[in-house]
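Structure first, commentary second.
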Amino acid sequence: MTYIFRALSLAVTTTALALSAAPAAAQSSSSATASVTINKPLTLTKKSDLAFGTVLLTGTGTFSTNVSVSMAGVRTCDASVATCSGTPTQAVYNASGNKQRTVGITAPATVELTSATNSSDKLTMTVSAPTSVLLTNSGFPGTDFGVGGSLTLTNATSDGAYSGTFNVTANYQ
Amino acid sequence: MTSDSLGGRLRPPAQLSSALNVWRFLVAVLAAVLGVTTTAATSAAQTATTEASVRLIYPATVQKVDDLKFGSISGTSAGTVIIDADSGAITTTGGVWRSGGTAHAASFIGAARKRTVVNIRIPKAPILLQRTGGTETLAVSDWTLQGQDKRELAAQTTFNFRVGATLAVPANTVEGDYSGTFEVEIQYP
């Protein structure tokens, strides 16, 4: 026990020595805040995958066109060079946790899709995702948000059924 | 504690070692107050995996969408399995029955460039499926096409169709996986 007191007194002495050099008006104590936020565990569930549908490339000669599905599931297709069919869907996720918390969303900038018939045929999809989502209720039912994508197709793009996978991450801010 | 090259042991000043002990003690107290445990915490970030997909097709081409699958078939005597292209229904006759797995007609997609009538050609002759790792074969015949073989199409539209057939399963068929290939052609004028 003596052991500890001696060490403490050493620490106190050191502090006193330091203070004796300070200006007369300096405070000898300062307060700081300690804080923590306790949150319900966050859950993130995927509800639907991202599907562009079928794109029939009808352009003649040299062309380059973008086909996209927005975060709201709206597909954009330039009818002068492409005919899109089939139901497009944005990727839909459900995040749940504490009400009124903002959850940061991380998605990759691009995803590579590979053709099922020829693994050397690739498409690069640009991802469009929100940077954050505000949880509007606590726990169930959670808050849904969408992630979309965009593809650049040209007269040189090989046909086929392309697919790829990617991860989306959510974290309390 | 450090040792010097002469093999002796040097101890730090008593005050320093006791000060270190004080900090360790205080940290331990703080940890106990906050209820921090030493077990691994659950990861805070949540991750979900997603698939993205698209089918690209050019006019005057054909792509396979699904293979022709009969699934798992079991039997005590000869029989057949029929996949009907029009309805997609799968039925059995004789002494065989479906015993699970995935079964469906084959399906294809084509696209016309201009308004036209195309002709879909499916196999006429039987094909043989061969057992993987063996020489035994099973015959697939009586090919069926969903809808008409001659299709009237609008310009720049895609169209889909199923292809079915009948699989003959003789008595005492050797167990195993059997597979074979067949061709479907679309004649675009």
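First to last, the protein sequences are chains C and E.
Numbers -1 to 171, taken from my numbering, label the letters of the first sequence in order.
Numbers 2 to 190, taken from my numbering, label the letters of the second sequence in order.
The beta carbon of each residue, even a glycine, is placed where N, CA and C say it ideally should be.
Would a C-beta distance cut-off of 7 Å place residue i and residue j closer than the cut-off?
{"i": "I128 (chain E)", "j": "I187 (chain E)", "result": "no"}
{"i": "V125 (chain C)", "j": "A105 (chain C)", "result": "yes"}
{"i": "P60 (chain E)", "j": "T117 (chain E)", "result": "no"}
{"i": "I1 (chain E)", "j": "A107 (chain E)", "result": "Outside the shown range of chain E, which is 2 to 190, sits residue 1 (chain E), and nothing can be said about it."}
{"i": "R99 (chain C)", "j": "L151 (chain C)", "result": "no"}
{"i": "A53 (chain E)", "j": "K44 (chain C)", "result": "no"}
{"i": "Q157 (chain E)", "j": "T56 (chain C)", "result": "yes"}
{"i": "S73 (chain E)", "j": "G96 (chain E)", "result": "no"}
{"i": "T52 (chain C)", "j": "S83 (chain C)", "result": "yes"}
{"i": "A45 (chain E)", "j": "N169 (chain C)", "result": "yes"}
{"i": "R132 (chain E)", "j": "Q147 (chain E)", "result": "no"}
{"i": "D47 (chain C)", "j": "N92 (chain C)", "result": "no"}
{"i": "V65 (chain C)", "j": "L121 (chain C)", "result": "no"}
{"i": "G76 (chain E)", "j": "V170 (chain E)", "result": "yes"}
{"i": "F50 (chain C)", "j": "V67 (chain C)", "result": "yes"}
{"i": "V101 (chain C)", "j": "F164 (chain C)", "result": "no"}
{"i": "Y179 (chain E)", "j": "L139 (chain E)", "result": "yes"}
{"i": "A113 (chain E)", "j": "L54 (chain C)", "result": "no"}
Please classify residue i as buried or exposed, where buried requires at least 16 other C-beta atoms within 10 Å of its C-beta.
{"i": "G191 (chain E)", "result": "Limits of chain E in this structure are 2 at one end and 190 at the other, which puts residue 191 (chain E) out of reach."}
{"i": "W24 (chain E)", "result": "Its pLDDT being 40, under 50, W24 (chain E) is placed unreliably in this model, and the coordinates cannot settle the point."}
{"i": "D157 (chain C)", "result": "buried"}
{"i": "S94 (chain C)", "result": "buried"}
{"i": "I103 (chain C)", "result": "buried"}
{"i": "F109 (chain E)", "result": "buried"}
{"i": "G162 (chain C)", "result": "buried"}
{"i": "S100 (chain E)", "result": "exposed"}
{"i": "A159 (chain C)", "result": "buried"}
{"i": "I84 (chain E)", "result": "buried"}
{"i": "G193 (chain E)", "result": "Since the first and last residues shown for chain E are 2 and 190, residue 193 (chain E) lies out of range."}
{"i": "A80 (chain C)", "result": "buried"}
{"i": "T159 (chain E)", "result": "buried"}
{"i": "W144 (chain E)", "result": "buried"}
{"i": "T174 (chain E)", "result": "buried"}
{"i": "Q171 (chain C)", "result": "exposed"}
{"i": "I123 (chain E)", "result": "buried"}
{"i": "Q88 (chain C)", "result": "buried"}
{"i": "I36 (chain C)", "result": "exposed"}
{"i": "V34 (chain C)", "result": "exposed"}
{"i": "P39 (chain C)", "result": "exposed"}
Does DSSP put residue i in a helix, a strand or coil?
{"i": "V125 (chain C)", "result": "strand"}
{"i": "T99 (chain C)", "result": "One point to set straight first is that residue 99 (chain C) is Arg, not Thr, in the sequence displayed. Of the three classes helix, strand and coil, the one that applies to R99 (chain C) here is coil, per DSSP."}
{"i": "K120 (chain C)", "result": "strand"}
{"i": "K151 (chain E)", "result": "strand"}
{"i": "F71 (chain E)", "result": "coil"}
{"i": "T174 (chain E)", "result": "coil"}
{"i": "D142 (chain C)", "result": "strand"}
{"i": "F109 (chain E)", "result": "strand"}
{"i": "I36 (chain C)", "result": "coil"}
{"i": "V37 (chain E)", "result": "For V37 (chain E), the predicted structure reports a pLDDT of 41, less than 50, and the residue's modelled location is therefore unreliable. A value from the coordinates is still provided. Note: V37 (chain E) maps to coil in three-state DSSP."}
{"i": "F160 (chain E)", "result": "strand"}
{"i": "V118 (chain E)", "result": "strand"}
{"i": "Q1 (chain E)", "result": "Limits of chain E in this structure are 2 at one end and 190 at the other, which puts residue 1 (chain E) out of reach."}
{"i": "S78 (chain E)", "result": "strand"}
{"i": "K125 (chain E)", "result": "coil"}
{"i": "V28 (chain E)", "result": "Note that V28 (chain E) scores 37 on pLDDT, short of 50, meaning its location in the model is unreliable; the coordinates nonetheless yield the value given after this. Helix at V28 (chain E)."}
{"i": "F183 (chain E)", "result": "coil"}
{"i": "A104 (chain E)", "result": "coil"}
{"i": "G137 (chain C)", "result": "coil"}
{"i": "G57 (chain C)", "result": "coil"}
Along the beta strand (DSSP E) that carries residue i, what are the first and last residues, could you check?
{"i": "S161 (chain C)", "result": "158 to 170"}
{"i": "N92 (chain C)", "result": "89 to 94"}
{"i": "Q188 (chain E)", "result": "186 to 188"}
{"i": "D143 (chain E)", "result": "138 to 146"}
{"i": "Q131 (chain E)", "result": "128 to 132"}
{"i": "C82 (chain C)", "result": "80 to 83"}
{"i": "L42 (chain C)", "result": "41 to 46"}
{"i": "L132 (chain C)", "result": "130 to 132"}
{"i": "S66 (chain C)", "result": "62 to 67"}
{"i": "T112 (chain C)", "result": "108 to 113"}
Tell me, which residues are paired with residue i by DSSP?
{"i": "A166 (chain E)", "result": "E:I84"}
{"i": "I91 (chain E)", "result": "E:I84"}
{"i": "V72 (chain C)", "result": "DSSP lists no partner for V72 (chain C)."}
{"i": "V97 (chain E)", "result": "E:G76"}
{"i": "V55 (chain E)", "result": "C:Y160"}
{"i": "G147 (chain C)", "result": "C:V67, C:V125"}
{"i": "A24 (chain C)", "result": "In the DSSP output, where bridge partners are listed per residue, A24 (chain C) has none listed."}
Determine the chain D residues that contact residue i at a beta-carbon separation under 9 Å, and present them in chain order.
{"i": "A107 (chain E)", "result": "Protein chains in the displayed structure are C and E, and chain D is not among them."}
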